[in-house]
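Reviewing the structure listed below.
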Amino acid sequence: MMFKCPKCGSRLINFICEKCYHKIPVHNDVKYFCDEENINVKDEGYKYIGYDDINIHFSPSLIYWGIDHYGIYGASAKDIVKRYGKGIVVVDIGCGLGQATIPFAKAGAITIGVDISEKMLEFANQRSKNKYDNLYFCKMNAYNLNLEDESVDIVVENAMIHLVDNPEQVYKEIYRVLKKDGKFIRFNSVGLPITEEQKELSINTKNAFKDIRNYYYNALEKYGYEPEDFNNNSLEIEKNYFYTIFNNEFHPIVEYEEEFTEFMKFRIHRLEHKAHSFLQHIPDEVHNIAWSETDEYAQCKYGEDYKLMKSYSHYKAKYDVYLKKILD
Ligand SMILES: C[S@@+](CC[C@H](N)C(=O)[O-])C[C@H]1O[C@@H](n2cnc3c(N)ncnc32)[C@H](O)[C@@H]1O
Ligand SMILES: [Zn+2]
Numbered sequence: 001m002m003f004k005c006p007k008c009g010s011r012l013i014n015f016i017c018e019k020c021y022h023k024i025p026v027h028n029d030v031k032y033f034c035d036e037e038n039i040n041v042k043d044e045g046y047k048y049i050g051y052d053d054i055n056i057h058f059s060p061s062l063i064y065w066g067i068d069h070y071g072i073y074g075a076s077a078k079d080i081v082k083r084y085g086k087g088i089v090v091v092d093i094g095c096g097l098g099q100a101t102i103p104f105a106k107a108g109a110i111t112i113g114v115d116i117s118e119k120m121l122e123f124a125n126q127r128s129k130n131k132y133d134n135l136y137f138c139k140m141n142a143y144n145l146n147l148e149d150e151s152v153d154i155v156v157e158n159a160m161i162h163l164v165d166n167p168e169q170v171y172k173e174i175y176r177v178l179k180k181d182g183k184f185i186r187f188n189s190v191g192l193p194i195t196e197e198q199k200e201l202s203i204n205t206k207n208a209f210k211d212i213r214n215y216y217y218n219a220l221e222k223y224g225y226e227p228e229d230f231n232n233n234s235l236e237i238e239k240n241y242f243y244t245i246f247n248n249e250f251h252p253i254v255e256y257e258e259e260f261t262e263f264m265k266f267r268i269h270r271l272e273h274k275a276h277s278f279l280q281h282i283p284d285e286v287h288n289i290a291w292s293e294t295d296e297y298a299q300c301k302y303g304e305d306y307k308l309m310k311s312y313s314h315y316k317a318k319y320d321v322y323l324k325k326i327l328d
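Under the numbering used here, the first residue of the sequence shown is numbered 1, with each subsequent residue one higher.
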């Protein structure tokens, strides 16, 4: 096993340290390698956006496609395991609700889902229905992965690194745990054509959403708050550790398509539930007032059914593979 003791760094055997005998605590089947607070907390200068508050409201697939639908994530995970072999060790950092993690386990990879949010992990674990003995959900901080050097075949990261205060530290950890020929993978998609009519409808819907969102932001401002924009420059930093080759082998398009028309419903749902990293500092009372004013505005301007305004996107699954640079 590739797990390391969070107390002394030695190897774990069945989640017990072979040196100091520390036993990894387990609650609701989640393994606790750390117990950092996780919502907008500054700890040793780092800030964590653990998404604990957001929980299930984060994910469109759960709300609109249901709990067992893994969509383009599932298709990519399956393709990756087919390409690189069953039995590979996959770590999903910032695994959230397990959208990528569970399909990797299902496809036969030894899979470790790492997140800082207990609620996310517990939900992900319930979602997997304890079906896979090759699947481990671990409360672990991406800044300090309790995994041995060069022990992992594939690290996947989706919608996580752009959230952290110190992306460099996370890349260093990914680099350290990956085997020499290990791969760093991020999921993606490619759009497929839609009709002119669908395009026009989609533009209307997206403009309406922007207008509603701006109204909400202005309402926040009235109460002395604004969204906290943070651009941590992660993609630039990534280039110091990983590189890619622009061909089909490293950017495969997966033969799986999906259609999504509920952009408005989904984006409004997230706004309504404050399910964004850049809104986490807004007190609930302020959000609730600003949101109810916004909702009223939206109903007046776009009609009571404004959440049902349709847009069209049609896409295939795709993923991007990066290799370790040789560092001097
Ligand atoms: C936007 S969600 C993405 C979830 C999932 N990867 C997906 O694409 O559905 C970001 C996740 O990163 C986690 N996260 C944020 N900072 C973290 C850290 N320092 N260590 C581990 N996980 C972290 C959050 O708790 C959250 O579950
Ligand atoms: Zn130990």
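Cβ coordinates follow ideal geometry from the N, Cα and C atoms, glycine included.
Look up residue i in the DSSP assignment and say whether it is helix, strand or coil.
i	result
F242	strand
L145	coil
N166	coil
S128	coil
I326	coil
I102	helix
I289	helix
D305	coil
Y225	coil
F329	A query on residue 329 cannot be resolved here, the shown segment of the chain reaching from 1 to 328 and no further.
I67	coil
Y319	strand
Y21	coil
S10	coil
F230	coil
K194	Residue 194 is actually Ile in this sequence, not Lys. Coil.
N188	strand
F15	coil
Residue i: buried (16+ other C-beta within 10 angstroms of its C-beta) or exposed?
i	result
K78	buried
V152	buried
F266	buried
H27	exposed
C95	buried
I348	The question about residue 348 has no answer here: the residues shown for the chain are numbered 1 through 328.
V190	exposed
F209	buried
S292	exposed
K131	exposed
C5	buried
A107	buried
Q331	The first residue shown for the chain is 1 and the last is 328, placing residue 331 beyond what the model contains.
H287	buried
A317	buried
K180	exposed
Y21	exposed
G9	exposed
Could you tell me which residues DSSP puts in a beta bridge with residue i?
i	result
F260	S313
D92	G113 and V156
D29	Paired residue(s): none; D29 is not in a bridge.
L178	V152
I212	Beta-bridge pairing links I212 to no other residue.
Cβ-heavy atom distance between residue i and ligand 1 below 6 Å?
i	result
Q169	no
Q99	yes
G94	yes
A159	yes
L163	yes
A77	no
N141	yes
I174	no
I116	yes
Is there at least one non-hydrogen atom of ligand 2 closer than 6 Å to the beta-carbon of residue i?
i	result
C20	yes
C8	yes
C34	no
C138	no
With 7 Å as the threshold, decide whether the Cβ of residue i is near any Cβ in chain D.
i	result
N28	In summary, chain D is missing from the structure at hand, where a single protein chain is found.
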